[in-house]
Ligand code: PMP
Ligand code: GLN
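Numbering (the working numbering), first residue to last: 223 to 604.
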């Protein structure tokens with residue numbers, strides 16, 4: 223019999239997050255693998271969802287987003303970045319950044335097109351591109367700094383290149399692209415008339431300086447699909463409310479895919495995220511300062527346990543070099559850690575086509591309460 227799974231998806235197996243969370247559950251390990259907070263999101267956001275459910279806002283909603291959320295996303299982009307997006311014509315709500323990325327790949331790529339990815343890259347990009355028949359062309363960022371090599375980027379462009387995908391702050395390594403690097407990316411996009419697809423789900427988790435969207439650089443707004451989601455910013459990763467801002471022609475394309483993937487995203491959660499995005503400046507400042515403290519707690523503990531830590535500039539992940547512990551195989555290390563030490567983590571090589579460069583690196587999530595972080599660190603130190 224023909225194998226059930228299409229060869230387009232066969233190479234991608236089961237996600238590393240599923241694998242490591244299963245191991246954590248099986249061994250009762252503290253899960254610093256899959257990135258989800260072990261504390262709840264803000265009361266006022268949860269209340270808004272409950273209110274909407276009680277008020278009967280429970281049927282299908284407008285395909286491209288409830289007007290309340292489209293307006294609020296647009297206002298948020300103006301407030302933080304000075305970017306103007308028309309709420310009805312240029313903002314689309316999706317079921318998470320994952321769906322936004324998938325719909326973007328489905329709608330903008332033809333078979334044989336190429337997208338440039340910076341490695342390490344988030345796990346859903348390659349299968350998303352493969353489903354659209356597109357090819358990923360990988361430009362490596364080299365540890366420990368993961369600095370962009372502008373010449374390598376220029377060499378990766380071919381006549382088939384359609385877009386550059388940029389994730390900043392970067393999961394898994396916590397790098398925030400410097401302005402000079404963003405300018406290099408923008409320059410290549412303008413010179414070759416490429417699209418940019420930006421994954422900015424960690425936009426509110428930049429520990430030093432400010433988040434700079436690629437769309438704010440000259441000539442970039444008109445060619446960029448700017449994607450983000452509410453999961454990280456409101457510590458409600460299970461809600462899966464994402465959004466994309468893009469000029470009208472691109473937005474029309476994204477919606478052509480979205481209407482046949484999920485059609486629309488649950489209304490009560492959209493209304494609640496709208497309430498969240500309207501939070502005052504103190505909410506966002508407090509959010510990042512709480513996370514800075516969690517980052518410092520985890521990094522100090524890992525260093526004390528003998529790891530060489532690469533302190534992240536953003537995201538809620540820290541990457542540690544395991545060679546001082548006498549290990550150099552991140553996957554084998556992460557597969558044994560839950561049983562051996564009672565802690566789960568993620569191998570950085572899972573985000574790479576060419577794992578050799580990062581085999582010594584393991585990702586730990588610090589979106590956890592102090593008690594959870596301390597429990598994990600005590601186990602790692604033992
Ligand atoms: N992009 C990156 C870089 C992520 O880390 C994640 C998940 N944490 C996503 C996209 C997916 O976001 P969502 O849960 O909103 O689909
Ligand atoms: N984005 C999350 C992480 O990097 C995982 C999301 C998922 O499990 N697909 O940990």
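Every residue gets a Cβ at the ideal spot worked out from N, C-alpha and C, and that includes glycine. Computed from a predicted structure; not experimentally measured.
Same chain, Cβ closer than 7 Å to residue i, five either side skipped, listed in chain order
i: residue 330; result: 384, 385, 417 and 475
i: residue 237; result: 345
i: residue 536; result: 391, 396, 398, 424, 427, 428 and 429
i: residue 481; result: 285
i: residue 601; result: 252, 563, 564 and 565
i: residue 261; result: 457 and 591
i: residue 491; result: 271, 461 and 463
i: residue 571; result: 552, 553, 577, 580 and 581
i: residue 293; result: 309
i: residue 483; result: 321, 324 and 325
Three-way DSSP call (helix, strand, coil) for residue i in this model
i: residue 357; result: strand
i: residue 411; result: helix
i: residue 530; result: strand
i: residue 420; result: strand
i: residue 448; result: strand
i: residue 251; result: coil
i: residue 297; result: helix
i: residue 468; result: coil
i: residue 239; result: helix
i: residue 428; result: strand
i: residue 456; result: coil
i: residue 302; result: helix
i: residue 266; result: helix
i: residue 482; result: helix
i: residue 234; result: helix
i: residue 587; result: strand
i: residue 513; result: helix
Whole-Å CB distance - residue i paired with residue j, under 8 Å assumed
i: residue 254; j: residue 586; result: 4 Å
i: residue 423; j: residue 450; result: 5 Å
i: residue 437; j: residue 323; result: Not quite, the Cβ-Cβ distance comes to about 16 Å (not below 8 Å), so this is no contact.
i: residue 541; j: residue 318; result: Actually they are not in contact, since the Cβ atoms of residue 541 and residue 318 sit about 24 Å apart, beyond 8 Å.
i: residue 239; j: residue 349; result: Incorrect: roughly 13 Å between the Cβ atoms, too far for contact.
i: residue 295; j: residue 499; result: 7 Å
i: residue 320; j: residue 473; result: Not really, about 18 Å apart at Cβ, beyond 8 Å.
i: residue 341; j: residue 576; result: 7 Å
i: residue 467; j: residue 300; result: Contact doesn't hold; Cβ gap of about 11 Å is too wide.
i: residue 271; j: residue 583; result: The Cβ separation is near 37 Å, so there is no contact.
i: residue 529; j: residue 435; result: Not really, about 32 Å apart at Cβ, beyond 8 Å.
Close beta carbons around residue i, own chain, < 6 Å, minus the five adjacent residues each side
i: residue 519; result: 595
i: residue 532; result: 366 and 541
i: residue 359; result: 336, 338 and 378
i: residue 453; result: 459
i: residue 352; result: 230
i: residue 283; result: 486 and 489
i: residue 355; result: 333
i: residue 433; result: 425
i: residue 421; result: 389 and 449
8 Å Cβ shell around residue i - same chain, five flanking residues per side excluded
i: residue 516; result: 538, 588, 589, 590, 592 and 595
i: residue 364; result: 371 and 579
i: residue 242; result: 253, 255, 256, 556, 560, 566, 567 and 568
i: residue 290; result: 492, 493 and 496
i: residue 502; result: none
Ranges of the alpha helix (DSSP H) found wholly within the region 312-398, counting only runs of at least 4: 318-330, 347-353 and 372-378
Closer than 6 Å to the ligand GLN: residues, by C-beta to nearest heavy atom, in chain order: Taken from the N-terminal end onward, the list reads 237, 239, 256, 257 and 393.
Every unbroken alpha helix (DSSP H) within the region 484-510, with a cutoff of 4 residues, ordered by chain: DSSP runs (the alpha helix (DSSP H)) wholly in the region 484-510: 489-499.
Every unbroken beta strand (DSSP E) within the region 523-584, with a cutoff of 3 residues, ordered by chain: 530-532 and 539-543
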